[in-house]
């Protein structure tokens, strides 16, 4: 029998009961239990849209027929609903459907120059529609949106004909209704298919979307409209990311805000803050064991500080990214504490079992995530005599997404964060979120359904927000998380395989596999956008294309992984790399690798040995890898500290809460004293910083780096050197990257002449190009178009 440790508690709001939306009969022209309003007592002229003067349907989009009693579709918005008490509605040139309050935020029927009042408190678990001061009760807006101004009851464009981009006269409310109408049918279909036709849960979900939209402040709604009008805003060639831990970089969220000028100096306009929500000390998994999705870790600041930072980033043209841990919660989460106590409805949010019979069946097919530090996928809870699923650590309880309450409440948590100003949501551990006995519980079809629904939710409520999927899997299993052009899922994915293959090429001084991987990526639709990186907060797993390596070179997977780990830990003769292993599994001969980019490139060893030749070569290696990252299709993301070549931090060995997690070797505090040297090119920090900034500026300025550029690889005649080409609107880039510690001569028969972008100079052709050890070159040819 397997057993794991138990831990303590925190809190999080419980789920709200699902409320059904309104099922409206085909409305009649006369008002429903409502007197024709004399005048809205809101310091405005009375609404001059008496029901008799025009057809009663004028207030809904285009078609003057009464809307059908269906849920909102692309036709005029329909309101479907079960049995509940109707709410009286205003007869303001719109039908007055019999609608009950459905936990929805109504469309605000504004008279000229009148701001709508705040929503009233909930009525019978469903929020009451908004009122305009002393105005009569209004319809809960499941029906057609009312026009912004009701002067002469102008016709509005039909929802089914609404373009993707909002017109300048479209109100916020109308834009929301248009987006809801566009996705409603598919969202309901997928939801009811996944949750066995649970219409009540779906209706609650829709009402929750309305509440979330109503909570979205004007600045974010304006950003939604701007980005919806420019859907490729995040594909600019000047977009550069940086990921960091708040405490390691600046101590607190306020500290990060104070350091925004430095971040801007690095050329960064996409900032990813690693997990910062409430999690128990000593059982946080680096912040990935969340105890409260709406509270910031006190030592980092408050939710108000996070919102203020998001506002500051927006003013500076930066997008802010935050992790959303959706597979599990901390055992200290309020749901987990209530489940442990046996409160009704809470154990169903996790996977609880009375004995080991079913868990043992799961264990037969489910791979272990942490085979050495947290073996097994279940934990025995001695205090309540139950077994709970814990795929990651014993204090991280897997959520049961087969329960619609979990989906609804977690989606509401996600929208809460987007309404604080978060621009990019990183979906953590996406492939794990659906569990099914007899399977690996990885990458199941239902996972894609859930991600697709979350994509639609964001497009309805907060269309300026992007979803970034963390899918650390082999190449064939990563790409499906983009979805299809017609039914997209994640906006962006981490280019995990290319990252791992890059380090493999460095250790083997052979680019064959890297070129094969690059060709695979280049063949994908251009809509598929990767985040490219060298290092991040996590380890490097060797998820290489071993079937291809085996077929091409007869590579043995176990032996090859051992070689890679020996090379990067400095055990292999001739290696100057300094890394540490994580979750070393002697049974499988497998382990993951940790370390900063500079230390893995040999800078640490050269620095320690005071060897100027090795130091120059290792800094060149570091810059070459970053140059390669910048040439790839997608968004390049730096790991904080890499811009100054920060080395491994071994102090974690002395920390009782971190000593057994070698990932903390590259999670050390940012060294501000070394950052002061960034403009002194006689120092390695200066060479690193200035070299990297020069490359980034070239990328931002040159058309060949455009997101729509054609990208390809070519044979350089050397297995040590990767050749990459990019072309866009007559601008052609030819790049060479030497992954060996030797001088190499290569050629390309591409038509010239060429300008050398990094170091200056001009060439008539690219015959016999000399590359220094771990060197690279970017050549640009401009054609008449």
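Numbering (this note's numbering), first residue to last: 7 to 791. Where a beta carbon is used, it is the ideal one built from N, C-alpha and C, also for glycine.
Have a look at 666, 655 and 694 and flag the residue whose alpha-carbon is nearest the alpha-carbon of residue 644.
Walking along the chain shown from the start, residue 644 turns up at place 638. Among 666, 655 and 694, the Cα nearest to that of residue 644 is on 694.
Please report how far the alpha carbon of residue 229 lies from the alpha carbon of residue 470, in whole angstroms.
Against the chain shown, residue 229 aligns to sequence position 223. Against the chain shown, residue 470 aligns to sequence position 464. Take the alpha-carbon of residue 229 and the one of residue 470: they are about 6 Å apart.
Counting along the chain, where does the beta strand (DSSP E) carrying residue 538 start and finish?
Counted from its first residue, the chain shown places residue 538 at position 532. Segment 535 to 538, the beta strand (DSSP E) holding residue 538.
DSSP-derived helix/strand/coil call for residue 112
Residue mapping note: residue 112 aligns to position 106 of the chain shown, counting from 1. Here the model assigns residue 112 a pLDDT of 38, short of 50, so the residue's position is not dependable and the matter cannot be decided.
Quick check on DSSP: helix, strand or coil for residue 741?
Position 735 of the chain shown holds residue 741. Residue 741 falls in the strand class under three-state DSSP.
Does the contact criterion of 3 or more C-beta pairs under 8 Å hold for the region 416 to 435 versus the region 320 to 332?
Taking a cut-off of 8 Å on C-beta distances, the region 416 to 435 touches the region 320 to 332, as three or more cross pairs fall below it.
Among residues of its own chain, excluding the 5 on either side of residue 663, which ones have a beta-carbon nearer than 6 Å to its beta-carbon?
Sequence index remark: in the chain shown, residue 663 carries index 657 (1-based). Counting only Cβ-Cβ distances below 6 Å, and skipping sequence neighbours, we find 288.
Are the region 273 to 282 and the region 306 to 326 touching by the rule of at least three beta carbon pairs closer than 8 Å?
Taking 8 Å as the limit for Cβ pairs, the verdict is that the region 306 to 326 does touch the region 273 to 282.
Per the contact definition of three or more C-beta pairs closer than 8 Å, is the region 709 to 727 in contact with the region 674 to 692?
No, the region 674 to 692 does not touch the region 709 to 727.
So is residue 305 buried or exposed if we call it buried at 16+ other beta carbons inside 10 Å?
Locating residue 305 in the chain shown gives position 299, counting from the first residue. So residue 305 ends up on the exposed side.
Using 8 Å as the threshold, is the region 464 to 480 in touch with the region 368 to 379, meaning 3 or more CB pairs across them?
Too few Cβ pairs lie closer than 8 Å, so no.
So what does residue 587 bridge to, in DSSP terms?
For the purposes of this step, residue 587 is taken as residue 581 along the chain shown, with counting starting at 1. BP columns for residue 587 point to 599.
Just to confirm the assignment: which complete alpha helix (DSSP H) runs, minimum length 4, are found wholly within the region 345 to 400?
Complete alpha helix (DSSP H) runs here, min 4: 363 to 369.
Residue 286 classed as buried or exposed, judged by whether at least 16 other C-beta atoms fall within 10 angstroms
Along the chain shown, read from residue 1 onward, the residue named residue 286 stands at position 280. Buried, because 16 or more other Cβ atoms sit within 10 Å of the Cβ of residue 286.
In its own chain, which residues sit with a C-beta less than 7 Å from the C-beta of residue 774, not counting the 5 before and 5 after it?
Residue numbering aside, residue 774 sits at position 768 when the chain shown is read from its first letter. Around residue 774: 751 and 753.
Mind checking which residues open and close the alpha helix (DSSP H) that includes residue 190?
What you label residue 190 is simply residue 184 of the chain shown in a count that begins at 1. Segment 178 to 200, the alpha helix (DSSP H) holding residue 190.
Can you check which of these residues, 531, 722 and 506, is closest to residue 520 by C-alpha distance?
Position 514 of the chain shown, counted from the start, is the residue given in the question as residue 520. Considering only alpha carbons, the answer is 506.
For residue 510, which residues of its own chain have a beta-carbon under 8 Å away from its beta-carbon, when the five flanking residues on both sides are left out?
Numbered from 1 along the chain shown, position 504 holds the residue referred to as residue 510. Here residue 510 has 519, 520, 548, 550 and 570 as same chain residues with Cβ atoms under 8 Å from its own Cβ, once five neighbours each way along the sequence are excluded.
I believe residue 200 touches residue 442 by the beta-carbon criterion, under 8 Å. Please report the beta-carbon distance rounded to the nearest angstrom.
Residue numbering aside, residue 200 sits at position 194 when the chain shown is read from its first letter. Residue numbering aside, residue 442 sits at position 436 when the chain shown is read from its first letter. Contact annotation, residue 200 with residue 442: C-beta distance approximately 13 Å; criterion of less than 8 Å not satisfied.
With a threshold of 6 Å on Cβ separation, who are the neighbours of residue 376 within its own chain once the five nearest residues in sequence on each side are excluded?
Stepping through the chain shown from its first residue, residue 376 is reached at position 370. Within the same chain, residue 376 has close Cβ partners 589.
Rounded Cβ spacing between residue 467 and residue 678 (contact assumed at less than 8 Å)
On the chain shown, position 461 is the one that residue 467 refers to. On the chain shown, position 672 is the one that residue 678 refers to. No, residue 467 and residue 678 are not in contact; Cβ-Cβ is about 39 Å, not under 8 Å.
List the endpoints of the continuous alpha helix (DSSP H) containing residue 446.
For the purposes of this step, residue 446 is taken as the residue at position 440 of the chain shown. Note, residue 446: premise wrong, no alpha helix (DSSP H); not H, not E.
Rounded distance between the beta-carbons of residue 248 and residue 543, thought under 8 Å
Translated into positions along the chain shown, residue 543 becomes position 537. Translated into positions along the chain shown, residue 248 becomes position 242. Actually they are not in contact, since the Cβ atoms of residue 543 and residue 248 sit about 12 Å apart, beyond 8 Å.
Buried or exposed for residue 112, going by 16 or more other Cβ atoms inside 10 Å?
Locating residue 112 in the chain shown gives position 106, where the first residue counts as 1. Caution is warranted here: a pLDDT of 38 is assigned to residue 112, below 50, making its placement in the model unreliable, and the coordinate value is therefore given only provisionally. Burial call: buried.
Along the chain, where does the beta strand (DSSP E) that runs through residue 783 open and close?
The residue given as residue 783 occupies position 777 in the chain shown. That run of the beta strand (DSSP E) goes 782 to 788.
Quick one: grab the DSSP three-state call for residue 749.
Numbered from its first residue, the chain shown carries residue 749 at position 743. In the three-state DSSP reduction, residue 749 falls in the coil class, being neither helix nor strand.
Hey, is residue 688's beta-carbon within less than 8 Å of any beta-carbon in chain B?
The chain labelled as chain B is not found in the depicted structure, where only one protein chain is given.
Residue 502 and residue 478 look like a contact to me (Cβ under 8 Å); what is the Cβ gap, rounded to whole Å?
Your numbering for residue 502 matches position 496 in the chain shown. Your numbering for residue 478 matches position 472 in the chain shown. Yes, residue 502 and residue 478 are in contact; Cβ-Cβ is about 5 Å, under 8 Å.
Assuming residue 703 is part of the alpha helix (DSSP H), what are its boundary residues?
Residue 703 sits at position 697 when you count from the first residue of the chain shown. In the DSSP assignment, residue 703 falls within the alpha helix (DSSP H) that extends over 690 to 707.
Which partner residues of residue 334 appear in the DSSP bridge assignment?
Taking the first residue of the chain shown as position 1, residue 334 is located at position 328. Beta-bridge pairing links residue 334 to 404.
Which residues bound the beta strand (DSSP E) around residue 666?
Within the chain shown, residue 666 is the residue found at index 660, counting from 1. Segment: none, residue 666 is in no beta strand (DSSP E) and carries neither H nor E.
Burial state of residue 446 (16 or more Cβ within 10 Å)
One-based indexing of the chain shown puts residue 446 at position 440. With a 10 Å radius around the Cβ and a threshold of 16 neighbouring Cβ atoms, residue 446 comes out exposed.
Among 386, 335 and 379, the one whose alpha carbon lies nearest that of residue 358:
Counting from 1 along the chain shown, the entry for residue 358 is found at position 352. For the residues 386, 335 and 379, the minimum Cα distance to residue 358 belongs to 386.
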